[in-house]
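Heads up: the sequence shown begins at 15 in the working numbering, then just goes up one per residue. Just so you know, even glycine gets a beta-carbon here, dropped at the ideal spot from N, CA and C. Below: one structure, written as structure tokens.
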Amino acid sequence: MNLPNRSGYQAYQRNMYETASPHKLISLLYNAAITNIQRAIQAIEGQQTGDANRFILKAQEIIYELMACLNEEQGGKLAANLKEIYFYCTNQLVQANIRKDINLLREVEGIIDPLRQAWQEIGKDVSVGQHV
Numbered sequence: 015m016n017l018p019n020r021s022g023y024q025a026y027q028r029n030m031y032e033t034a035s036p037h038k039l040i041s042l043l044y045n046a047a048i049t050n051i052q053r054a055i056q057a058i059e060g061q062q063t064g065d066a067n068r069f070i071l072k073a074q075e076i077i078y079e080l081m082a083c084l085n086e087e088q089g090g091k092l093a094a095n096l097k098e099i100y101f102y103c104t105n106q107l108v109q110a111n112i113r114k115d116i117n118l119l120r121e122v123e124g125i126i127d128p129l130r131q132a133w134q135e136i137g138k139d140v141s142v143g144q145h146v
């Protein structure tokens, strides 16, 4: 990609995040976590441990960001439970990174993906309610 196209694409990406609703931002975080976990799995399968490390670290950072987005005052027990799930996932990612263990990565993906799907369903209900 030549430089003018790249800067346009980067501006588009930046604009997408800056103008997204809070709900959309959380959806983007979930999607990015899943994508990085899947890339880490592929990297381990391809014996590219450096890439696997990078993707796992990105997934960890994203889950920490999801944790930072929790409002424990308003979210009560649900937010507290999500926080525990996120802690568990980050711990599993650390272990997956140390061991380059695909099964641990798949476990975390199996936890995060249903949360992502549930969040998307909530978004459908919110957007329907806004149009009424």
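Give the DSSP-derived three-state secondary structure of residue i in the structure shown.
i	result
residue 130	helix
residue 90	helix
residue 138	helix
residue 35	coil
Using a 10 Å radius around the Cβ and a threshold of 16 neighbouring Cβ atoms, would you call residue i buried or exposed?
i	result
residue 74	buried
residue 112	exposed
residue 136	exposed
residue 101	exposed
residue 92	exposed
Contact check, residue i vs residue j under 8 Å by CB: the rounded distance?
i	j	result
residue 49	residue 78	The Cβ separation is near 16 Å, so there is no contact.
residue 83	residue 126	In fact, because the Cβ distance is near 14 Å, the residues do not count as touching under 8 Å.
residue 118	residue 54	The Cβ separation is near 10 Å, so there is no contact.
Exercise for the section: Entirely within the region 46-103 and at least 4 residues each: give me those alpha helix (DSSP H) ranges in chain order. Expected result: 63-82
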